[in-house]
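Residue numbers (this note's numbering): 133 to 210. All C-beta atoms, glycine included, are put in the ideal place defined by N, C-alpha and C. It should be emphasised that the depicted structure is a prediction, and the values quoted were computed from it without experimental measurement.
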């Protein structure tokens with residue numbers, strides 16, 4: 133039963149389990165790679181719905197570029 137829990141529910145080997153319990157070493161779960169700095173959700177919403185930019189264009193922007201674009205919209209209305 134113990135092997136079933138490790139294999140099917142926890143998805144670890146016995147050595148990985150005990151390394152986690154005794155040493156605090158977490159098993160490799162294939163953590164997502166660090167992504168570039170994400171834009172704040174409210175900024176993305178404004179750029180898409182107020183400024184009228186396409187989602188792809190917003191996704192390609194850096195945070196600095198996105199902030200500059202929303203500031204241009206607020207200043208010039210364009």
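Could you tell me how far apart the beta carbons of residue i and residue j are, in whole angstroms, since I believe they sit closer than 8 Å?
i, j, result
"residue 195", "residue 171", "6 Å"
Do residue i and residue j have their C-beta atoms closer together than 9 Å?
i, j, result
"residue 164", "residue 151", "no"
"residue 199", "residue 176", "no"
"residue 210", "residue 204", "yes"
"residue 185", "residue 201", "yes"
Just mark residue i as buried or exposed, buried being the case when its beta carbon has 16 or more other beta carbons within 10 Å.
i, result
"residue 154", "exposed"
Excluding the 5 residues preceding and the 5 following residue i in the sequence, name in chain order all residues of the same chain whose CB lies nearer than 6 Å to its CB.
i, result
"residue 188", "none"
Whose C-alpha, out of the options, is nearest the C-alpha of residue i?
i, options, result
"residue 192", "205, 169 and 144", "169"
"residue 147", "157, 180 and 140", "157"
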